[in-house]
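Colleague: full-length UniProt numbering puts the first residue of the sequence shown at 1, with every later residue one more than the last.
We put the CB at the ideal spot given by N, CA and C, even for glycine.
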Amino acid sequence: MHPNQALIEQFYRAFQKRDAEGMIACYHPDVAFSDAVFVGLSAAEARGMWRMLCERGKDLTLEFSDARADDSTGSAHWEARYSFSATGRQVHNVIDASFEFRDGKIIRHTDRFDLGRWTRMALGLPGLVLGWTPFFQNAVRKKARKGLADYMAQNPERAGG
């Protein structure tokens with residue numbers, strides 16, 4: 001197994017245990033993260049996001065598969081099931097991840113998933129009716145970024161460091 005494939009598997013095994021510190025240990029200090037909700041996070045924001053999500057994801061279950069990597073890039077498929085905290089609604093998010101590596105760590109992590117599908121599951125009727133619109137999706141992104149900023153401000157010891 002390529003060492004970078006082992007690193008991806010280590011990352012997701014830590015995620016399965018909601019072990020944010022184990023996940024962060026797989027990241028390069030200058031990592032960049034992006035997905036459909038948290039677009040363009042800095043390294044500190046990415047670390048804060050995983051800490052926040054692992055803390056709050058009390059019923060989170062995660063499966064991953066197809067982890068692959070070479071010297072510079074990698075990918076994996078993962079699926080998360082959890083209750084969305086704002087509504088209590090059940091979410092089954094299906095994600096394809098891509099990675100870039102530097103110095104034996106993940107330097108870039110990009111998750112791709114259908115934000116319209118996610119809003120339907122997480123938000124119910126408003127997500128069903130409006131979840132496909134750029135305006136609604138941008139509002140979801142803005143609220144998530146505010147939630148992350150608030151978490152980092154309220155938990156400086158758990159934030160980005």
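Leaving aside the five residues before and after residue 5 along the sequence, list all residues of the same chain whose C-beta is less than 7 Å from its C-beta, in chain order.
Modeller: Start at 1 with the first residue of the sequence shown, and residue 5 comes out as number 5. Around residue 5: 67, 68, 69 and 74.
Colleague: Near residue 132, which residues of its chain fall below 6 Å by C-beta distance, leaving aside the five closest residues on each side in sequence?
Modeller: As a first step, residue 132 must be located in the sequence shown, where it is residue number 132. The answer, listed in chain order, is 116.
Colleague: Considering only DSSP beta bridges, list what residue 102 is partnered with.
Modeller: As a working note, residue 102 is residue 102 in the sequence shown. For residue 102, which the question treats as bridged, DSSP gives the partners 105.
Colleague: In the DSSP assignment, find the unbroken beta strand (DSSP E) run with residue 164 in it and report its ends.
Modeller: The structure shown does not extend to residue 164, since the chain is modelled only from 1 to 161, so the question has no answer here.
Colleague: Residues in the same chain with beta-carbon distance under 6 Å from residue 80, minus the five sequence neighbours each way, listed in chain order, please.
Modeller: Counting from one through the sequence shown, the residue named residue 80 turns up at place 80. Excluding residues within five positions, the ones whose Cβ falls inside 6 Å are 62 and 93.
Colleague: Please state whether DSSP places residue 172 in a helix, a strand or coil.
Modeller: With the chain running from 1 to 161 in the structure shown, residue 172 is simply not present.
Colleague: Excluding the five sequence neighbours on either side, which residues of its own chain have a C-beta within less than 6 Å of the C-beta of residue 77, listed in chain order?
Modeller: For the purposes of this step, residue 77 is taken as the residue at position 77 of the sequence shown. Correct list, in chain order: 65, 66 and 96.
Colleague: Please work out which residues of its chain come closer than 6 Å, Cβ to Cβ, to residue 46, disregarding the five sequence neighbours upstream and downstream, and give them in chain order.
Modeller: Position 46 of the sequence shown, counted from the first residue, corresponds to residue 46. Within the same chain, residue 46 has close Cβ partners 31 and 33.
Colleague: Determine the extent of the beta strand (DSSP E) in which residue 64 is found, giving its start and end residues.
Modeller: Against the sequence shown, residue 64 aligns to sequence position 64. Counting along the chain, the beta strand (DSSP E) containing residue 64 begins and ends at 61 to 69.
Colleague: Using only alpha-carbon positions, find the residue among 128, 107, 89 and 119 that is nearest to residue 23.
Modeller: One-based indexing of the sequence shown puts residue 23 at position 23. Looking at the Cα atoms, 107 is the closest of the given residues.
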